[in-house]
Amino acid sequence: MKSLLKKFILGGITCLVLQFVIQIILPVAIAQDSPSVKGWKKGQGWGWMWGKEDEVGALNALTSQTVLKALSLVKQGKVYDLGITYDRTSFKWPGHSPAEILSFRTPEGVKRQKDLDFTLPPGNKVALAWHSCALFISDNVATQIDGLGHITTGDDNHWYNGFKEADWGGNWGIRKADATTIPAIVARAVLIDVAGFQKVDALKAGTAIAVDDLKKTLEWENVDIQPGDAVFIRTGTLRYWGENGSDHEKIRAHDTAGINLDSARWLVEQKGAILIGSDTSGLEVAPAPPGSTSFVPVHEYLLVQQGVHIGEFHFLEQLSQDKVYEFCYIAATNKIKGTTAGFTMRPIALK
């Protein structure tokens, strides 16, 4: 009897110790060791905390460990193209320049112009020629990631980390926090399919996506956001993009649906998002809600105050169709010095 009682007591103590380790010690250890929360504070977010010369922002949290964590999500080998096709007729935000794709060299033009000696006989017996184009295009069109120098605020026109136009502007683009400072991104990503949850083809223009909408959608998907994640919100707008986004009326009927400032704060300060994107041209709801301090308060908060990059016009339709709500996101921006965003991109999702 004593032996049984002794075993019972020891077993109970062991269970209590294990419960204490699992519920108290282990979560604390994981939180302390987790590379995905580098620099993030719950209730505060990211902010100007990486040093006075920093131009990268929250993407500093990406490490070799977070990359491996993201790649571990790839089980099927399926690739999703998140980019959209763009041409001179495509829809864009009205504050950006139009696009022109011009033929700079054509086979017949090369032969008629005869301005390059190496194209002439006897060195070119097979009449070889080529095609090449010259582009006049905004750096904020099609699938894109806004750089931290995209938005300025205040009378001094400062952007992320206090860089000012008077100090860092220039004739050939900005000279601090331009698009070349956006690192190659490999991150765990979460799709919040608001349109899918609400069982609509696409949200109507001007629809504000509130925190409660995000929470309910995540619960429906049975997915949660972890600190260090990229987050993408689907409104359904790009189901109307078609071949090249030329039906402006259809796109405009949905494009200004987006998150409000409270939702942006929740995603950054409570969930630890390092990049927030959507399938619209501007991520946030427009026009800005009454009482806003600017016409794009979410842009000001994310880019200037928090150093969180914004993804725009990401094609999320196939992810939604396949009910893929967690995936490995891979993106790399154009390395054109001075530009304010990575543009006409072709990021991918791997599952």
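If you count by this note's numbering, then the sequence shown holds residues 763 to 1113, one letter each, in order.
The C-beta atom is built at its ideal place from N, Cα and C for all residues, glycine as well.
- The beta carbons of G1034 and W802 sit closer together than 8 Å.
- Around the beta carbon of H1061, 16 or more other beta carbons lie within 10 angstroms, which makes this residue buried.
- For L897, the enclosing beta strand (DSSP E) covers residues 894-898.
- The stretch 949-1016 is shown to contain whole alpha helix (DSSP H) runs of 4 or more residues at 956-959, 973-983, 1010-1014, in chain order.
- With a threshold of 16 other beta carbon atoms within 10 Å, R1001 meets it and is buried.
- Taking the CA atoms as reference points, T1101 sits about 6 Å from D940.
- For the pair of segments examined, the stretch 1034-1043 was found to touch the stretch 1067-1075: the number of CB pairs separated by less than 8 Å reaches three.
- The continuous alpha helix (DSSP H) containing L1081 extends over residues 1079-1083.
- As computed with DSSP, E1088 is found in a beta bridge with V952.
- Spatial neighbours of F853 in its own chain (CB-CB distance under 6 Å, excluding positions within 5 residues in sequence) are listed in chain order as G1007, H1010, I1013.
- Burial state of S1043 is buried, judged by a 10 Å Cβ sphere holding 16 or more other Cβ atoms.
- Excluding residues up to 5 positions away in sequence, N1006 lie with their Cβ nearer than 6 Å to the Cβ of D849 in the same chain.
- For L864, the uninterrupted beta strand (DSSP E) segment begins and ends at 862-867.
- Counted as a single uninterrupted DSSP element, the stretch harbouring V829 is not any beta strand (DSSP E) but the alpha helix (DSSP H) occupying residues 826-833.
- In this structure, the straight-line span from the alpha carbon of G935 to that of K1099 is close to 7 Å.
- Check the Cα spacing between L953 and each of I971, A992, V1058, T868: the tightest is with A992.
- According to the DSSP assignment, S1056 belongs to no alpha helix (DSSP H), since it is labelled neither H nor E.
- In the three-state scheme derived from DSSP, where H, G and I count as helix and E and B as strand, Y1063 is classed as helix.
- Counted as a single uninterrupted DSSP element, the alpha helix (DSSP H) harbouring A928 occupies residues 927-930.
- When DSSP states are grouped into helix, strand and coil, Q875 belongs to the helix group.
- Under the three-state reduction of DSSP, G819 is assigned to helix.
- For A939, no beta strand (DSSP E) segment is defined, and its DSSP state is neither H nor E.
- With a contact defined as Cβ atoms closer than 8 Å, L844 and T905 qualify at about 7 Å.
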